[in-house]
Amino acid sequence: MRIFENKTIYVVLAVVSALFLWLYYQTHIEFMLHLSAIPLEALVVVFVVEKILDNRAINERRKQLMFVKSCMFRDQMRDLFISNIQNVEYPDLTLSKLRTSDLNELKQLRNDAARVEYKSMDKMENIIMEYVKAEPVWQRFLEIAINYNFEGIIRDMTDIQHFIQDVRLFKRSNPDKLYIHEAAKNKQMIDKVNVILGDGIRKFLDYLIELKEKQPELFYTIISDYEASAEKFVR
-6 MRIFENKTIY
4 VVLAVVSALF
14 LWLYYQTHIE
24 FMLHLSAIPL
34 EALVVVFVVE
44 KILDNRAINE
54 RRKQLMFVKS
64 CMFRDQMRDL
74 FISNIQNVEY
84 PDLTLSKLRT
94 SDLNELKQLR
104 NDAARVEYKS
114 MDKMENIIME
124 YVKAEPVWQR
134 FLEIAINYNF
144 EGIIRDMTDI
154 QHFIQDVRLF
164 KRSNPDKLYI
174 HEAAKNKQMI
184 DKVNVILGDG
194 IRKFLDYLIE
204 LKEKQPELFY
214 TIISDYEASA
224 EKFVR
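Taken in order, the sequence shown gives residues -6 to 228; the numbers are from my numbering.
In structure tokens:
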């Protein structure tokens, strides 16, 4: 609705300006030329104000998304990220290292995480099942992304939902088998596993970098909470 209203305003102002300009050429009354400029000036003002409001809205949505991430990462997704981090072989990630890293070191780790390798396939299975257990969180993220029109997050959450359904279908028919072993038989399947799990590491590092830049106290609190909770995970 807002897009339609904005386009209507632009069209009306352009038409009014063109009308006064036509009258000027018909009458050669200079006042008409001045009048034709007024709608154009108003058009520029409307455009600039709209952009300012849009930028404010985007910044506000990002702040709200940051708050939601903080709540979910500290609670419902804690086990998932701890398991994912602790089972990474490359890059060299530990919670203590993340806590003591400065901003540049975090960014270097994020660059290194373009390629993520895990300690074993069995360890990857544990992470996969954490993704399945966190399904309500992914659904909530998808709802938030749709409400705030975050297209990238919508795509990511949709891919994760499809992945979880693939795992559930396999487990339903093969309750005693590991999904990762089945995925390893098919390049497309194992590539998908690597992307989903690796993106989890990369998204978490992106989040930590954002916290380090904007909310360093919260960064330290979250990593400290993770370290305190990590004792139940066996490396």
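By construction, the Cβ of each residue, glycine as well, lies at the ideal position given by its N, Cα and C atoms.
6 angstroms Cβ shell around residue i - same chain, five flanking residues per side excluded
i    : result
L190 : I120
M182 : A176
L135 : M150
Y186 : The sequence given here has Val at residue 186, not Tyr. Correct list, in chain order: A176.
E128 : I157
Residue i classed as buried or exposed, judged by whether at least 16 other C-beta atoms fall within 10 angstroms
i    : result
L96  : exposed
Y271 : Residue numbering for the chain in the displayed model covers -6 to 228; residue 271 lies beyond these limits and cannot be assessed.
D184 : exposed
K205 : buried
A106 : buried
L249 : The structure shown has nothing for residue 249, since the chain only spans -6 to 228.
Q79  : buried
A11  : exposed
L86  : buried
Bridge partner(s) assigned by DSSP for residue i
i    : result
Y124 : None; Y124 has no bridge partner.
E110 : Y83
Pair within 8 angstroms by beta-carbon distance, residue i and residue j
i    : j    : result
I173 : E118 : yes
L88  : E210 : no
L73  : Y141 : no
I194 : N77  : yes
D149 : D115 : no
I153 : I147 : no
Y111 : V160 : no
Sequence-distant residues of its chain with Cβ nearer than 7 angstroms to residue i (five each side left out)
i    : result
I75  : Y219, S222, A223 and F226
F163 : Y172 and E175
T20  : none
Same chain only: Cβ atoms within 8 angstroms of residue i, ignoring 5 sequence neighbours per side
i     : result
L99   : L91, L198, L201, I202 and K205
K126  : D72 and L73
Y213  : R92
E(-2) : For E(-2), the predicted structure reports a pLDDT of 47, less than 50, and the residue's modelled location is therefore unreliable. A value from the coordinates is still provided. Within the same chain, E(-2) has no close Cβ partners at all.
Proximity test, Cβ basis, 8 angstroms: residue i and chain B
i   : result
R92 : The structure shown has no chain B; it contains just one protein chain.
Taking the runs of the alpha helix (DSSP H) that are 4 residues or longer, which of them lie wholly in the segment 131 to 162? none
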